[in-house]
Each structure stands twice: as structure tokens, then as C-alpha cells.
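J.: Per this note's numbering, the very first residue in the sequence shown carries number 211; after that it's consecutive. Glycine included, every Cβ here is placed at the ideal spot set by N, Cα and C.
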Amino acid sequence: VNNESVAEKNFVVDEYVLPKFELTMDTEPANFKDGKIRATVKAKYTFGKPAKGTANVTAKFRKGHYDREERKYIDESVIVSKQIDVDGKKFVEFDAENELKMNKSSYHSRVELVATFIENLSQKEVNVSKVVFVQKKPYKLELSGEKYFIKPGIPNHVIAKLTYYDKDMPITDKNNPIKFN
Numbered sequence: 211v212n213n214e215s216v217a218e219k220n221f222v223v224d225e226y227v228l229p230k231f232e233l234t235m236d237t238e239p240a241n242f243k244d245g246k247i248r249a250t251v252k253a254k255y256t257f258g259k260p261a262k263g264t265a266n267v268t269a270k271f272r273k274g275h276y277d278r279e280e281r282k283y284i285d286e287s288v289i290v291s292k293q294i295d296v297d298g299k300k301f302v303e304f305d306a307e308n309e310l311k312m313n314k315s316s317y318h319s320r321v322e323l324v325a326t327f328i329e330n331l332s333q334k335e336v337n338v339s340k341v342v343f344v345q346k347k348p349y350k351l352e353l354s355g356e357k358y359f360i361k362p363g364i365p366n367h368v369i370a371k372l373t374y375y376d377k378d379m380p381i382t383d384k385n386n387p388i389k390f391n
């Protein structure tokens, strides 16, 4: 400044491209004993850092009946939405009975989950969807045998495997033995 020297520097101004991000949603198998439908919404940039933004998570339980008098299907689907702030990932859950109006006769039903995420910096919107099957019981029974046809009086060996739906882990309970008929 005092010596009045001047310096020059050339530079190029390029268009700034906001980083891309991806959205995923992890779900857990659901059952009526627990009564919750759970999901984790995950947003991250392609270079690995967590993305921040707002997600609207919608759960839709399709149900209805056919009206014979009017000769048309009456849609009684229940839709519940929740807005969450996501900083990398966020957990959300829906109550099957209170929010989605499901009952015990609704077992083996589907609940569609859709997450719409809006990233804070770019305001870009991305969607992801998953389907959760709601089971009546928290466990499943698989049978496998040596023969496909059973004949009276001839022994047939069957292997029974009782596991939890969500963990695919065998049930071990010493206090309540499992009985097969």
C-alpha cells in the first residue's frame, strides 16, 4: 500500500455443482404382538458425509370392501404422515392399531412406507419406498421333510424350524417348551 505496488492474479470461475446424495430406508418385519412399524431413513452424500434435510414419511395401510348394492369397491385406506429432521439418519415408527387402525384380522397385510427427503443446501427432493408385511405372530414355522407324500403307517421324518421373523434366529426357551402335534 505505501510503496504502491500492484500484483495481478488470474483465475477461472466455474459453475459450482452441489454434491449428489442418496436416500435409503431400512425397515424391520412387523407383527401385531409388538404393534409398531419401524423404519430408519438414511441420507448421505456420495462422498460419504451425512446429508441434512427434512423428510416426510408416509405410511399407507390399504383396506376396503366391495359394496354389492352399489357394485363398487369402497376404499377405506388409512394414510399417516410424519415430518422428521434428518441429519444422516433418523428413526421413525408408526403404531399399527392407534395410527393405522389395523386390527388382529389385518394380519399378513402390507403397509407401504414412502419417504420424501428435501436436502437443506440444494432443496433437491428424493423419494424412496418400502413395503412392510405385518405378521400375526412374531415367529414363523418352516417344515422340511424327506418325502413329499405321506402314506399311512409308514414313518416320515420332518424337520421343524421355529424362528423369529425379524431376526431369523431359532427360538430357544427352556421355560416354555414347544410342542408339535
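1) CB-CB under 6 Å to V296, same chain, minus the five flanking residues each way: which ones, in chain order?
2) Please classify A217 as buried or exposed, where buried requires at least 16 neighbouring CB atoms within 10 angstroms.
3) Is the beta carbon of F242 closer than 9 Å to that of V341?
4) Rank I294, Y276, K292 and L351 by C-alpha distance to the C-alpha of K286 and give the top, closest one.
5) Since L372 contacts I388 with CB under 8 Å, what's their CB separation in whole angstroms?
6) Sort P348, R278, K230 and I381 by Cα distance to E329 and report the nearest one.
7) Can you look up K314 in the DSSP assignment and give me helix, strand or coil?
8) Evaluate S319 with the Cβ neighbour count: other Cβ atoms within 10 Å of its Cβ, from every protein chain shown; 16 or more gives buried, anything less gives exposed.
9) If you reduce the DSSP assignment to three classes, tell me which class K262 lands in.
T.: Reading from the atomic positions:
1) The count along the sequence shown starts at 1 and reaches residue 296 at position 86. Cβ neighbours of V296 beyond the five flanking positions: V251, A253, G263 and A265.
2) Here residue 217 refers to the residue found at position 7 when the sequence shown is read from its first residue. Counting Cβ neighbours within 10 Å, A217 comes out exposed, since fewer than 16 surround it.
3) Counting from one through the sequence shown, the residue named residue 341 turns up at place 131. Counting from one through the sequence shown, the residue named residue 242 turns up at place 32. Not a contact, by the Cβ cut-off of 9 Å.
4) Taking the first residue of the sequence shown as 1, we reach residue 286 at position 76. Note on identity: in this sequence residue 286 is Glu, with Lys being the wrong assignment. Of the candidates I294, Y276, K292 and L351, the one whose C-alpha sits nearest the C-alpha of E286 is Y276.
5) Looking up residue 372 in the sequence shown gives position 162. Looking up residue 388 in the sequence shown gives position 178. Contact holds; Cβ gap of about 6 Å.
6) Taking the sequence shown and counting its residues from 1, the one referred to as residue 329 is at position 119. When only C-alpha atoms are compared, the closest one is K230.
7) Reading the sequence shown from its first residue, position 104 is the one you call residue 314. Residue state, collapsed to three classes: helix.
8) Your numbering for residue 319 matches position 109 in the sequence shown. By the C-beta density criterion, S319 is buried, having at least 16 other C-beta atoms within 10 angstroms.
9) For the purposes of this step, residue 262 is identified with residue 52 of the sequence shown, where counting begins at 1. It is a strand residue.
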